[in-house]
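If you read the sequence shown in the numbering used here, its first letter stands for residue 65, the second for the next number, and so on.
Quick notes on the structure that follows.
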Amino acid sequence: MATKPMRIRASVKDGVTEVKALIAHEMETGQRKDANGAVIPAWFITEITATHNGKVVLSGEFGTAVSKNPYLAFRFKGGAAGDKLAVSWKDNKGESRTDEVAIA
Numbered sequence: 065m066a067t068k069p070m071r072i073r074a075s076v077k078d079g080v081t082e083v084k085a086l087i088a089h090e091m092e093t094g095q096r097k098d099a100n101g102a103v104i105p106a107w108f109i110t111e112i113t114a115t116h117n118g119k120v121v122l123s124g125e126f127g128t129a130v131s132k133n134p135y136l137a138f139r140f141k142g143g144a145a146g147d148k149l150a151v152s153w154k155d156n157k158g159e160s161r162t163d164e165v166a167i168a
């Protein structure tokens, strides 16, 4: 299934880069049922990584407790306007996505 692009913004001020990302993902827990009473299979992000010019600046694990279309915000030292910032995720079904922006 094709996934929608993440909406990512990154800006630097006083040597600190602030990143805000909205991740398009259903994040199903595997505990809900559809209208017919059948269990909706679990489908959620398990790993998330952010890189700045190829160097990991954030790495984490998600699970079923994270809401649909999760919002992620973090800061890291370093970064300059024009540098590349990439955010990647993988889910429990083997799907993955990476989106990249230039720091403003």
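All C-beta atoms in this analysis are idealised placements derived from N, C-alpha and C, irrespective of residue type, glycine included.
Should residue i be labelled buried (16 or more other beta-carbon atoms within 10 Å of its own) or exposed?
i: D78; result: exposed
i: G146; result: exposed
i: A129; result: exposed
i: V76; result: buried
Going by beta carbon distance, what residues of the same chain come within less than 6 Å of residue i, once the five residues before and after it are set aside?
i: T162; result: A150, S152
i: A114; result: V121, L122, V151
i: R71; result: L86
Taking the beta strand (DSSP E) that residue i belongs to, which residues open and close that run?
i: G124; result: 119–125
i: V103; result: Per DSSP, V103 belongs to no beta strand (DSSP E) and is neither H nor E.
i: K141; result: 135–141
Once you ignore the five residues that flank residue i on each side, which residues in its own chain have a CB closer than 7 Å to its CB?
i: N156; result: A106, W107, F108, T110
i: I167; result: A74, S75, V76, T81, G143, A144, A145, G146, D147, L149
i: N133; result: L86, I87, A88, H89
Excluding sequence positions up to five away, which residues of its chain have a Cβ less than 8 Å from the Cβ of residue i?
i: I104; result: E92, G94, R96, K97, D98
i: G127; result: F108, T110
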